[in-house]
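What follows is a set of notes on a single structure, which appears directly below.
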Amino acid sequence: RMAAAPPSYCFVAFPPCSKDGLVVFGKNSARPRDEVQEVVYFAAAEHDPGSKVECTYIEIEQVPKTHAVVLSRPSWLWGAEMGANEHGVCVANEAVVTREPASESEALLGMDLVRLGLERGATAKEALDVMVALLEEHGQGGNYYEDGSSCHTFQSAFLIVDRNEAWILETSGKYWAAEKITEGVKCICNQLSLTTKIDAEHPELRNYVKSQGWWNGDSDFNFSEVFSLADGHLACCSGRESLEKQGGDVSAQAMIDVLRDKDSGVCVDSESFLTTASIVSVLPQDPSFPCIHYFTGTPDPSRSIFKPFIFVDDVKLVPKVQSPSFGNDDPAKKIPRFQEKPDRRHELYKAHEWARSLLENDQDKGQKLMRIMLDLEKQGLEAMEDILSRTEILDPAEVVDLFYDCVDTELKFFK
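Taking the working numbering, I'd label the letters of the sequence shown as residues 1 to 415.
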């Protein structure tokens, strides 16, 4: 039996389901319980002709210019579970299992494609085009976890969003299909969701599945039915109903509430998996307003706070949410890989571990701390709402150290 894919959840809500002409995006990243995620920023950059970029397992051609990106990623790999770029594009991935076994050969990981799409695409559609071209050229494969004893491989699904539209991209090997979304609420989770509405696809997709005997060419082509394991296709998403109930009021806060919900299963805390990091992004359809991206940088959103980040030039770096770097000595970079596991905890992660143990062991103090934390988060959300309701253009100096200050304040409370 194939290993179960980690049950992450991604959401997008478009006006009129969402408030004030905002597109709202969110993801809970479910990963192995002890894995550390960091939040990292890379400035826009120009690259010399012929230069290469070292992804998690393979090296590929670099492009002349990469966009500024902010990423939440398992700190041992190059790519990301989720993130955004300076043009208001957000991408998140899901590991999925299809009837085609995922390759153990090292290629691009789904997480690498998240980062590559963000670095190279100024719109959701551009990011999609970049990701499928790289998928067709390099393929996907290699270990999804930092585990020297076993190779865990999956196919990938993605939610790619900008201020105007979203694309759901689902893949199996180098084959893919995508659906464009411009309204309503959409959820993707760790199984295929595309059916007969396909707006773009690999040119050989239908010939390939016919040659495999998975589709006869007469019935409607249904991507999930063709590629899912016989018993693997269930209705996905409990969180979507909570968002739809908001009836035109999906806001950053509503998305955060859905991501915190353990009863629905969206906030994962099981024997094998934990929601190790979360993101919520608010993308105003009016381009004169900035996009705002909230990151936890810590596990379990029900015990974490969402801290805002806005792209501006010279944004202040936040080493306290970055894991230590081991350079070429990193066991993830040496062959055979993952022979040992270094301590990848960053300063915020360590402080948060202390806070979690307080919540578990001293209810009064824990509850008090949580109230202070949520109050801090609320102040951040209100300050961002204020920015989005102003008529004058945002002064970059006002938010250059926004994320830095929020992390700093959080750490002070823990201390």
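We put the CB at the ideal spot given by N, CA and C, even for glycine.
Owing to the predicted nature of the structure, the values given are computational and were not obtained by experimental measurement.
W176 is a Cβ neighbour of H202, given a cutoff of 9 Å. Residues V312, D314, V315, K316 of the same chain have their beta carbon placed closer than 7 Å to that of V400, with the five preceding and five following residues left out of the count. In the structure shown, G83 adopts extended strand secondary structure according to DSSP, grouped into three states.
Taking a cut-off of 8 Å for Cβ pairs, the region 215-222 and the region 240-251 do not touch, as fewer than three such pairs fall below it. Between the region 27-41 and the region 55-65, the count of C-beta pairs closer than 8 Å stays below three; the two stretches do not touch.
In this structure, DSSP gives V132 a helical state, which the three-state scheme calls helix. Closest by C-alpha distance to P290, out of A107, D408, M384, A80, is M384. With the rule of 3 Cβ pairs closer than 8 Å, the region 102-117 does not count as touching the region 362-382. DSSP places F158 in the uninterrupted beta strand (DSSP E) bounded by 155-161.
Membership of A95 in any alpha helix (DSSP H) is not indicated; the residue belongs instead to the beta strand (DSSP E) covering 90-96. DSSP, reduced to helix, strand and coil, places I181 within a strand of the structure shown.
Contact between F11 and K186 is confirmed by a C-beta separation of about 7 Å, below the 8 Å threshold. Its Cα nearest to that of L71, the residue L118 stands out among P32, L118, C55, D48. Taking C-beta atoms as the reference points, S103 and T275 fail to come closer than 9 Å.
Bounds of any alpha helix (DSSP H) do not take in P301, whose DSSP letter is neither H nor E. Straight-line measurement puts the Cα of V318 at about 16 Å from the Cα of I305. Its Cα nearest to that of Q322, the residue R345 stands out among R345, A332, Y144, F338.
Uninterrupted beta strand (DSSP E) stretches at least 3 residues long and entirely within the region 244-308 occur at 273-284, 292-295, given in chain order.
Here DSSP, grouped into helix, strand and coil, assigns A383 to helix. Under the criterion of beta carbons closer than 8 Å, A68 and E86 qualify as touching, at roughly 4 Å. Secondary structure at E59: strand, using DSSP grouped into helix, strand and coil. As computed with DSSP, C151 is found in no beta bridge at all. In the displayed model, N28 falls within a strand according to three-state DSSP. Rounded to the nearest angstrom, the Cβ distance from V268 to P49 is 44 Å, too far for a contact under 8 Å. Between D199 and E179, the C-beta spacing is below 9 Å. By the Cβ criterion, the region 149-165 is in contact with the region 87-95, since at least three pairs of Cβ atoms, one from each stretch, lie closer than 8 Å. Contact check for R120 and V130: beta-carbon distance about 4 Å, within the 8 Å limit, so the pair qualifies. In the DSSP annotation of this structure, the continuous segment of the beta strand (DSSP E) that includes F42 starts and ends at 37-42. With fewer than 16 other beta carbons inside 10 angstroms of its own, L374 counts as exposed. The continuous stretches of alpha helix (DSSP H) do not include P15, and DSSP gives it neither H nor E.
One Cα belongs to S278, the other to E126, and the distance between them is close to 24 Å.
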